[in-house]
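What follows is a set of notes on a single structure, which appears directly below.
Chains as they are written, first to last, in my numbering: chain A, 1 to 117; chain P, 1001 to 1132.
Shown next as structure tokens:
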């Protein structure tokens, strides 16, 4: 008879999160390089310049992709930090919830800045 | 037969050494990667969103943000934030290369850590020189 053995390694989401943190890092690194080059080359000036720069569809979509990547990347990173330093479950979960809410707020705010008004 | 206790290393200290200056370059890079990441999440990211909200919202908002960034203190804080981003960026690229087993040995890992610190500082100085 095969004895029941509890699997000690948890819910198996660790590797996927680790991989996605790398993937989002690559997305953000590429965005950083391309955006830096675009701003240097185009050199937007004044309110009208910056406004028209950020109303371009490519810039809008690329920036949103960056923000979504950042949301996931920051979530994994902040959760790692909280898990490493906070052993009290209640405080850790409360702070993780605050981090998650803040990130969702950032996402909505970024979308409203790019498309709103 | 009992194993002989391993002798304590010469520089043994019965406490945790929390002095960051005693870390080797890769360790220092690692803790700065963590600190910069946390600071980028808060307060740098919401501050940046706030500035974008104001500057892209209206002509007056743009003028206000423009006025703030004319102050030397605000500029210095912004350069500090840029350094944190630059360090996180270059240190992150180093970690991606380490994940691909590039430069894993002690000597190249140490050299690449020093290179990351140099590149982060250089990128910040370059941006500071252009924006001052």
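Every residue gets a Cβ at the ideal spot worked out from N, C-alpha and C, and that includes glycine.
Open item on the list: Beta-carbon within less than 8 Å of residue 1011 of chain P's beta-carbon, same chain only, minus the 5 sequence neighbours each way: which residues are those?
Closed with: none
- [ ] May I have the straight-line CA-CA distance separating residue 1075 of chain P from residue 22 of chain A, to the nearest angstrom?
- [x] 31 Å
Task: Neighbour flag for residue 72 of chain A against chain P, beta carbons, 7 Å - done: no
Task: Residue burial classification, residue 1091 of chain P (beta-carbon count within 10 angstroms, cutoff 16) - done: buried
- [ ] Note down, in chain order, every chain A residue with its Cβ under 7 Å from the Cβ of residue 1034 of chain P.
- [x] 81
Task: Own chain residues within Cβ distance below 7 Å of residue 1122 of chain P, not counting five before or after - done: none
- [ ] Tell me whether the beta-carbon of residue 1039 of chain P lies closer than 7 Å to the beta-carbon of residue 1084 of chain P.
- [x] yes
Task: Sub-7 Å separation of residue 86 of chain A and residue 92 of chain A beta-carbons - done: yes
- [ ] For residue 26 of chain A, count neighbouring C-beta atoms within 10 Å of its own C-beta (all shown protein chains included) and say buried if the count is 16 or more, exposed if not.
- [x] exposed
Task: Euclidean distance between Cα positions of residue 1058 of chain P and residue 1078 of chain P - done: 22 Å
- [ ] Mark residue 1112 of chain P as exposed unless 16 or more other C-beta atoms lie within 10 angstroms of its C-beta, in which case mark it buried.
- [x] buried
Open item on the list: Taking CB distances under 7 Å as the criterion, tell me whether residue 1059 of chain P reaches chain A.
Closed with: yes
Open item on the list: Taking CB distances under 7 Å as the criterion, tell me whether residue 109 of chain A reaches chain P.
Closed with: yes
TODO: Could you tell me if residue 1129 of chain P is buried or exposed, where buried requires 16 or more neighbouring beta carbons within 10 angstroms of its beta carbon?
DONE: exposed
TODO: Please name the residue in P:1037, P:1017, P:1066 whose C-alpha comes closest to that of residue 50 of chain A.
DONE: P:1066
Open item on the list: Which runs of the alpha helix (DSSP H) at least 4 residues long sit entirely within the stretch 1016-1052 of chain P? Give them in chain order.
Closed with: 1025-1039
Task: Alpha carbon of residue 1118 of chain P to alpha carbon of residue 69 of chain A, nearest angstrom - done: 27 Å
- [ ] Measure from the C-beta of residue 1015 of chain P to each C-beta in chain C and report whether the shortest distance is under 7 Å.
- [x] The displayed structure is made up of protein chains A and P, and chain C is not among them.
TODO: Check each residue of the stretch 34-57 of chain A: if its Cβ is closer than 7 Å to any Cβ of chain P, include it; give the result in chain order.
DONE: 47, 50, 51, 54
- [ ] Would you please verify whether the beta carbon of residue 104 of chain A is less than 7 Å from any beta carbon of chain P?
- [x] no
TODO: Anything in the stretch 1055-1081 of chain P with a Cβ closer than 7 Å to a Cβ of chain A? List those residues in chain order, please.
DONE: 1055, 1056, 1057, 1059, 1062
TODO: State the DSSP-derived secondary structure class of residue 1062 of chain P, mapped to helix, strand or coil.
DONE: helix
Open item on the list: Taking 7 Å as the threshold (C-beta atoms), are residue 1127 of chain P and residue 1093 of chain P in contact?
Closed with: no
Task: Spatial neighbours of residue 96 of chain A in its chain, beta-carbon cut-off 8 Å, leaving aside the 5 residues before and after - done: 78, 79, 82
TODO: Below 8 Å between beta carbons is the criterion; list the residues of the stretch 1107-1132 of chain P that meet it against any residue of chain A, in chain order.
DONE: none
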